[in-house]
Amino acid sequence: MRWWPRRRAARWGLASVLSVAGVVLAGLGVLCVTSGCSSIDYLGQSASGHVRLLAAARPVKDAIADPTTPEGLRKRLELTQRMREFAVTELHEPDNGSYRSYADLKRSAAVWNVVAAPELSLRLETWCFPIVGCVGYRGYYDLAGANAAAEPLKAQGLEVDVYEVPAYSTLGWTNWIGGDPLLNTFVQWPEGELARLIFHELAHQVAYAPGDTTFNESFATAVERIGSQRWLEANASAEVREKQALTEAHRHDFHVLVRAWRAKLDAMYRSDLPDAEKRRRKAELYAGMRADYDALKRDKWGGYKGYDRWFASANNAALGAQAAYDDQVGAFERLFVAEGSDFDRFYAEVRRMAALTRPERDAAMAPYRDPEPLPAPVVAPATPASAASISG
Numbered sequence: 002m003r004w005w006p007r008r009r010a011a012r013w014g015l016a017s018v019l020s021v022a023g024v025v026l027a028g029l030g031v032l033c034v035t036s037g038c039s040s041i042d043y044l045g046q047s048a049s050g051h052v053r054l055l056a057a058a059r060p061v062k063d064a065i066a067d068p069t070t071p072e073g074l075r076k077r078l079e080l081t082q083r084m085r086e087f088a089v090t091e092l093h094e095p096d097n098g099s100y101r102s103y104a105d106l107k108r109s110a111a112v113w114n115v116v117a118a119p120e121l122s123l124r125l126e127t128w129c130f131p132i133v134g135c136v137g138y139r140g141y142y143d144l145a146g147a148n149a150a151a152e153p154l155k156a157q158g159l160e161v162d163v164y165e166v167p168a169y170s171t172l173g174w175t176n177w178i179g180g181d182p183l184l185n186t187f188v189q190w191p192e193g194e195l196a197r198l199i200f201h202e203l204a205h206q207v208a209y210a211p212g213d214t215t216f217n218e219s220f221a222t223a224v225e226r227i228g229s230q231r232w233l234e235a236n237a238s239a240e241v242r243e244k245q246a247l248t249e250a251h252r253h254d255f256h257v258l259v260r261a262w263r264a265k266l267d268a269m270y271r272s273d274l275p276d277a278e279k280r281r282r283k284a285e286l287y288a289g290m291r292a293d294y295d296a297l298k299r300d301k302w303g304g305y306k307g308y309d310r311w312f313a314s315a316n317n318a319a320l321g322a323q324a325a326y327d328d329q330v331g332a333f334e335r336l337f338v339a340e341g342s343d344f345d346r347f348y349a350e351v352r353r354m355a356a357l358t359r360p361e362r363d364a365a366m367a368p369y370r371d372p373e374p375l376p377a378p379v380v381a382p383a384t385p386a387s388a389a390s391i392s393g
């Protein structure tokens with residue numbers, strides 16, 4: 002599965018929360034006044050795309066009971082339901098219809114995200130919508146639509162990245178019609194990665210700060226890291242844990258490398274250098290980042306090429322998008338520990354912060370920040386009692 006690490010580098014996240022039909026319909030009149038009616042076309046494809054996705058779903062229990070379901074898929078669906086119960090009982094995530102149905106979309110991604118950034122900045126372009134606020138991406142249900150949306154952005158001189166997204170959250174808005182389904186785009190992922198994704202997307206239903214992608218995604222990523230570690234300790238075989246540890250090591254090295262070069266680029270872009278000099282330095286810095294990656298593969302990874310596609314196409318948009326998923330993860334993990342590693346207390350504090358203004362929220366998070374992300378989740382292992390309750 003050579004495509005898989007590229008997706009993981011891009012992450013999944015809140016790619017098309019705008020597709021919630023109720024949000025879309027409620028916002029159409031507002032958008033005609035505030036953003037121009039051309040936005041309705043985008044929201045229309047989001048609504049219809051999500052409706053088609055839901056229409057393809059059926060209850061997991063029906064898929065498991067269906068004699069035509071391949072045995073491999075049946076076992077994976079059964080695994081997802083054990084993970085789903087673990088999310089409720091151990092991680093205190095919502096107990097609702099999400100990830101209790103399954104849909105085969107007959108394609109490789111749930112949506113394709115379009116992100117854009119200026120030539121000499123890592124600041125993502127944003128689009129603003131009712132309820133969800135301003136976000137730094139637009140999600141499309143087919144690749145052709147995403148590529149078409151990318152062209153006018155490129156014509157404006159922006160750097161653009163179009164990438165596959167295997168899953169997204171609707172923040173619980175669709176629970177009344179079954180919630181977010183499991184999808185063929187990720188259900189066959191390795192066990193540790195599958196657990197991370199389910200726990201991540203459910204975390205978006207716990208707390209959401211409109212317009213603050215970094216806060217939202219870093220929180221969900223922290224929950225997925227804490228939750229998947231506990232899942233693996235309580236349920237997975239030694240072989241699965243070993244494979245996941247290698248994946249985590251690659252991911253950590255990737256984030257450390259990218260974070261360092263992103264900081265260098267950002268400092269240079271913010272400097273007083275003339276634009277011509279910035280362009281020259283930009284080329285040098287990107288070349289340096291790719292050289293470091295080549296050295297990492299050669300000297301530490303034994304030739305592992307899982308992130309080749311990401312580095313081959315990396316630009317300001319890709320770096321800007323990546324920042325949203327890891328910049329505050331360590332801070333949230335420290336907050337979790339500060340709240341006694343108690344999920345209910347942790348979630349309550351995150352929801353309190355989500356309700357603040359952006360400056361207030363940044364100030365509240367400041368005590369937990371550190372210049373470097375944590376190399377691994379700082380959490381207590383699952384107790385024998387909790388392990389028995391799941392394995393049984």
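Numbering of the sequence shown is given in the numbering used here, commencing with residue 2 and proceeding in unit increments. Heads up, the beta-carbon is just placed ideally off N, CA and C, and yes, glycines get one too. From a predicted model like this one, the values you see are computed outputs, not experimental measurements.
Contact between the region 91–107 and the region 151–166 is absent: fewer than three C-beta pairs spanning the two stretches fall below 8 Å.
Straight-line spacing of the CA atoms in ASP42 and TYR142 works out to 13 Å. With at least 16 other beta carbons inside 10 angstroms of its own, THR222 counts as buried. The C-alpha of PHE187 is placed about 21 Å away from the C-alpha of ALA66. Residue range 344–355 is occupied by the alpha helix (DSSP H) that includes ARG352. One alpha carbon belongs to GLY341, the other to ARG53, and they sit about 43 Å apart.
One Cα belongs to ILE227, the other to ASN217, and the distance between them is close to 16 Å. Distance from the CA atom of ALA235 to the CA atom of LEU123, rounded to whole angstroms, is 40 Å. Take TYR270, set aside five residues on each side of it, and the residues of its chain with a beta-carbon closer than 6 Å to its own are LEU121, SER122, in chain order. CYS129 and TRP190 have their C-alpha atoms some 33 Å from each other.
Counting only the Cα atoms, GLY307 lies some 17 Å from VAL166. When PHE200, GLU194, LEU258 are compared, the shortest CA-CA separation from ASP295 is found for LEU258. When the five nearest sequence neighbours on each side are left out, the beta carbons in the same chain lying within less than 6 Å of the beta carbon of ASP162 are those of VAL116, ALA318, ALA319, in order along the chain. Along the region 135–198, the beta strand (DSSP E) occurs as fully enclosed runs of 3 or more residues at 139–141, 160–166, listed in sequence order.
Excluding its 5 nearest sequence neighbours in each direction, LYS279 has C-beta neighbours in its own chain below 8 Å: LEU121, MET269, TYR270, SER272, listed in chain order.
Put simply, of SER49, ALA237, ASP181, SER170 the residue whose alpha carbon is nearest the alpha carbon of ALA208 is SER170. Straight through space, the alpha carbons of ALA355 and THR90 are spaced by roughly 24 Å. Taking the CA atoms as reference points, TRP174 sits about 47 Å from LEU274.
In the DSSP secondary-structure assignment, PHE130 is bridged to GLY134.
In this structure, ASP345 sits near HIS93, with a CB-CB distance shorter than 8 Å. Considered as a whole, the region 196–250 harbours 214–236 as its complete alpha helix (DSSP H) runs of no fewer than 4 residues, in chain order. Looking from the CA of ALA250, the closest CA among TRP311, LYS298, ARG263, ALA261 belongs to LYS298.
Under DSSP, the beta-bridge partners assigned to ASN114 are GLY140, TYR164. Note that the C-beta distance between ALA88 and LEU159 is not below 8 Å.
Within its own chain, the residues whose Cβ lies closer than 6 Å to the Cβ of GLY180, once the five positions on either side in sequence are excluded, are ASN97, GLY98, SER99, listed in chain order. ILE199 sits away from LEU55, with the two beta carbons spaced by 8 Å or more.
One thing to note: PHE333 has its Cβ within 8 Å of the Cβ of SER219. A residue is called buried when at least 16 other Cβ atoms come within 10 angstroms of its Cβ; GLN157 does not meet this threshold and is exposed. Assignment of beta-bridge partners to TYR287 by DSSP yields no partner. Rounded to whole angstroms, PRO182 and ARG101 show a C-alpha spacing of 6 Å. For TYR369, the three-state secondary structure derived from DSSP is helix.
Around the beta carbon of GLY50, a 10 Å sphere encloses 16 or more other beta carbons of the protein chains shown; the residue is thus reported as buried. Each residue's CA atom was taken as its position, placing VAL61 and ARG75 some 9 Å apart. Partner residues in the beta bridge of TYR103, as assigned by DSSP, are ARG59, LEU183.
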